[in-house]
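Down below is the structure, laid out as structure tokens.
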Amino acid sequence: MGITKEQQTQKLLTLKALEDAKGRSRHPRSPAVFRETALDTHKTLASDFDGPDYIMPRRDYPTRIGSATVLEANRQKKAALEALLRTSQFSAPGEVRSVFVPTAQQLPVCLAAGERRANVAASEWALLDTLGVTMFDREREREERAVRVLQRQQRVALDGQMAALQQTRREAEAAKAAERQAVLSGVFEHHARTRQRLDSQRVANMQLRKEREGMLAEARAVREASVAARREEEARLVAQERAKLDADRAAAAERAAALRERVARDMMENEVQLVKRRQAEAAQKAADAETSKRMAEMMLSQERAREGVAEAIQAKVMARAGRAGTKALDDKRERIEREDRLIAEATREAERREAEREAADAAKRARQKAEMFAVNEELKRAKAEREAAAREAEQRARAAAEIRSAAERAEAERRQLESRERAALTKRIVASQAEEARIQAKYADIFMTEQERKLNRELLDEAFITVGEPRQLSVIIK
């Protein structure tokens with residue numbers, strides 16, 4: 013049972029006497045009139061706002077417009093301060109009592125609030141709250157210890173993992189260095205083989221050049237035969253090339269549908285081969301021109317030597333015969349004309365072959381260009397068909413998505429309406445339950461009932477053993 017009114021009054025008077033004996037407090041405090049806490053915090057917490065302790069007189073210079081308003085405001089402030097000074101909260105202007113002394117009108121409410129605070133602080137529920145806070149603190153301390161142990165274990169494991177990772181990284185770097193060294197040795201060996209091959213090829217070219225220089229003496233005798241054989245060989249090569257081109261054209265027509273993606277690469281390879289062949293033909297042409305030039309020079313030198321010998325013989329003969337004939341000069345003139353005619357025919361033949369080769373190359377390029385254009389047109393048409401099919405599929409998917417979105421939106425609206433109705437019903441139920449709980453808690457929310465004591469008997473015994481009595485503890489939730 014709670015304390016009586018007389019006991020509460022005696023307690024308040026005792027506290028007032030103790031505070032008066034200690035003197036005035038140095039710290040302003042706000043009065044704890046309707047507090048629901050068990051501890052009296054007004055002795056430890058600074059006040060948020062104590063109100064005006066003293067209003068300085070304000071000197072106004074009224075005007076015709078605002079004089080009445082200013083005077084009325086000052087009068088209201090003065091009346092409010094006088095009403096505040098009439099209460100027991102102020103002992104003198106500018107000072108606040110350390111203990112709140114209620115007025116006659118405030119005393120019943122303060123007594124009821126104090127009795128309620130005392131009952132709440134000494135109830136079984138307060139004891140269970142104290143037990144809960146104590147157990148929470150112990151559990152949190154245990155969890156913190158476990159977390160610290162786990163952190164140490166994880167730190168050790170992470171250190172081991174980092175050591176293993178560093179070892180693996182060092183091994184990978186060593187393997188990479190070894191691989192790099194092997195690649196460099198292979199490159200050096202390849203360069204050495206290439207240099208050796210070039211040296212051997214250079215020696216072979218020099219030997220070939222010597223052999224060609226030896227063959228120049230026999231070139232004039234076999235020139236006509238070689239020209240005829242070359243013409244036959246060129247005709248055969250042209251026929252083979254034409255047959256090969258026809259076969260390639262037929263094969264390309266058959267492979268056009270399956271090998272469209274390789275056209276660009278084939279064109280690139282053809283261009284490379286064409287450049288190489290042109291370079292080879294240019295080199296061969298230059299070599300032929302150089303060979304023809306050397307042969308012509310050699311033949312001219314031989315002719316000059318023979319002419320010198322013939323002139324010497326002729327001079328001797330004429331000297332013996334005592335006459336100078338013109339047959340040798342005629343023979344020499346005919347021989348020079350014949351050689352010039354043969355050289356001109358060889359030059360014209362070479363120019364004709366070059367023109368035929370260029371015409372064939374131009375025709376091949378034009379044919380390849382036409383084939384590439386046809387393939388590109390086919391690819392464009394296929395691409396347009398794929399894009400049209402993709403657009404049609406996208407339109408169908410968009411229409412289906414719009415239909416599905418409309419259905420989902422209608423379903424969402426229906427669910428939202430049902431949710432609102434359920435929320436309104438729940439709100440009404442919760443409001444009614446809260447009202448019932450408030451009415452019940454107004455009279456029976458302090459002490460446990462017998463049924464509650466029976467249900468919580470073990471907890472109460474444990475609380476008495478663990479904490480002894482209810483206490484006000486602070487809990488910091490991290």
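Residue numbers are given in the working numbering: position 101 of the sequence shown equals residue 113, and the series is strictly consecutive.
Beta carbons are placed, not taken as given, at the ideal position from N, Cα and C, and that holds for glycine.
Grab me the residues of residue i's own chain with a C-beta within less than 8 Å of its C-beta, minus the 5 sequence neighbours each way, in chain order.
| i | result |
| --- | --- |
| R224 | T303 |
| R465 | E136, L472 |
| E253 | A372 |
| M460 | S135, E136, W137, N468 |
Which of the three DSSP states, helix, strand or coil, is assigned to residue i?
| i | result |
| --- | --- |
| Q118 | coil |
| A270 | coil |
| N217 | helix |
| K17 | helix |
| A366 | Sequence check: residue 366 is Glu here, not Ala. Here E366 sits in helix by DSSP. |
| I458 | coil |
| E481 | coil |
| N468 | coil |
| A85 | helix |
| E232 | The sequence given here has Arg at residue 232, not Glu. In this structure, R232 counts as coil in the three-state DSSP scheme. |
| S135 | coil |
Where does residue i land, buried or exposed, given buried means 16+ other C-beta within 10 angstroms?
| i | result |
| --- | --- |
| L312 | exposed |
| V284 | exposed |
| V121 | exposed |
| I489 | Confidence at I489 is low in this model, with a pLDDT of 46, below 50, so its placement is unreliable and the value that follows should be read with caution. Exposed: under 16 other Cβ atoms inside 10 Å. |
| V479 | buried |
| V321 | exposed |
| V199 | exposed |
| V275 | buried |
| K23 | exposed |
Near residue i, what residues of its chain come up, given a Cβ to Cβ distance below 7 Å and the 5 sequence neighbours on each side ignored?
| i | result |
| --- | --- |
| E363 | none |
| S238 | none |
| E423 | none |
Roughly how far, in whole angstroms, is the beta-carbon of residue i from the beta-carbon of residue j, given that I think they are within contact range, below 8 Å?
| i | j | result |
| --- | --- | --- |
| E136 | L472 | 6 Å |
| L228 | R277 | Their Cβ separation, rounded to whole angstroms, is 45 Å, which puts L228 and R277 out of contact at 8 Å. |
| E390 | R214 | Going by Cβ atoms, the distance from E390 to R214 rounds to 50 Å, so no, they are not a contact pair. |
| E309 | R347 | Not quite, the Cβ-Cβ distance comes to about 16 Å (not below 8 Å), so this is no contact. |
| P482 | L123 | That belief does not hold up - the Cβ atoms of P482 and L123 are roughly 22 Å apart, past 8 Å. |
| A475 | L25 | Not quite, the Cβ-Cβ distance comes to about 35 Å (not below 8 Å), so this is no contact. |
| M279 | Q380 | 7 Å |
| A268 | V387 | 7 Å |
| V132 | I458 | 6 Å |
| R360 | E293 | Not quite, the Cβ-Cβ distance comes to about 18 Å (not below 8 Å), so this is no contact. |
| R365 | E246 | 7 Å |
Under 6 Å Cβ to Cβ from residue i, same chain only, skipping five residues before and after it: list those, please.
| i | result |
| --- | --- |
| R181 | none |
| T16 | none |
| R416 | none |
| A175 | none |
| I477 | none |
Identify every run of the alpha helix (DSSP H) within the segment 273-304, keeping only runs that are complete inside it and at least 4 residues long; order them along the chain. none
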